[in-house]
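Input: a single structure, listed below in structure tokens.
Residue numbers (our numbering): 6 to 160.
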């Protein structure tokens with residue numbers, strides 16, 4: 006059986022999810038999990054945990070650029086403990102500095118690459134409403150995938 010890690014990019018209204026394959030050291034963005042005031046929709050997270058059966062949870066830990074704890078750090082620590090209490094799955098907090106920034110860069114790069122090869126479609130879009138350079142909902146799940154990739158790189 007392939008061992009998996011579920012990465013979570015914590016947020017107040019949505020949390021990015023990604024799954025990692027420990028043997029292959031690869032990650033896949035899964036999408037977002039809705040939340041309210043930093044509390045996930047537990048039924049939805051239950052389904053993700055049941056489907057993927059992760060060996061470990063990897064949770065983005067928001068620290069300041071100077072390495073000090075941020076105002077959200079304590080909230081993430083409490084969230085991680087609530088996950089551990091609910092699922093009895095070990096967790097690790099991982100520095101998430103610049104992961105969302107990097108995720109946006111990846112999505113913007115994909116947008117430009119796609120439009121380079123689709124000039125005809127781009128001309129049609131000029132007449133229609135302009136498309137966003139990236140889907141905001143994808144940022145969080147790609148950030149979670151980046152957390153996994155960074156974790157694998159340090160193993």
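Quick reminder that beta carbons are idealized off the backbone N, C-alpha and C, glycines included.
Tell whether a beta-carbon distance below 8 Å holds between residue i and residue j.
| i | j | result |
| --- | --- | --- |
| residue 99 | residue 26 | no |
| residue 67 | residue 9 | no |
| residue 150 | residue 12 | yes |
| residue 90 | residue 96 | no |
| residue 32 | residue 23 | yes |
What separation, rounded to the nearest whole angstrom, lies between the Cα atoms of residue i and residue j?
| i | j | result |
| --- | --- | --- |
| residue 153 | residue 87 | 21 Å |
| residue 53 | residue 71 | 34 Å |
| residue 51 | residue 101 | 24 Å |
| residue 76 | residue 15 | 13 Å |
| residue 92 | residue 85 | 11 Å |
| residue 18 | residue 42 | 6 Å |
| residue 148 | residue 55 | 22 Å |
| residue 28 | residue 39 | 29 Å |
| residue 78 | residue 37 | 20 Å |
| residue 44 | residue 63 | 17 Å |
| residue 94 | residue 144 | 25 Å |
| residue 65 | residue 57 | 19 Å |
| residue 160 | residue 48 | 32 Å |
| residue 69 | residue 35 | 26 Å |
| residue 133 | residue 83 | Residue placement at residue 133 is flagged as unreliable, the pLDDT there being 46, under the threshold of 50; the coordinate-derived value follows with that caveat. Rounded to the nearest angstrom, the two C-alpha atoms are 46 Å apart. |
Answer with buried or exposed for residue i, where buried requires no fewer than 16 other C-beta atoms within 10 angstroms of its C-beta.
| i | result |
| --- | --- |
| residue 81 | buried |
| residue 146 | buried |
| residue 46 | exposed |
| residue 20 | buried |
| residue 74 | exposed |
| residue 7 | exposed |
State the start and end residues of the unbroken beta strand (DSSP E) segment that holds residue i.
| i | result |
| --- | --- |
| residue 31 | 31-41 |
| residue 3 | Residue 3 lies beyond the stretch modelled for the chain, which goes from 6 to 160, so this question has no answer here. |
| residue 24 | 19-26 |
query = Which ranges does the alpha helix (DSSP H) cover as unbroken runs of at least 4 residues, wholly within the segment 40-109, from first to last along the chain?
reply = Those alpha helix (DSSP H) runs which fall completely within the segment 40-109 and span 4+ residues are 47-57, 78-92.
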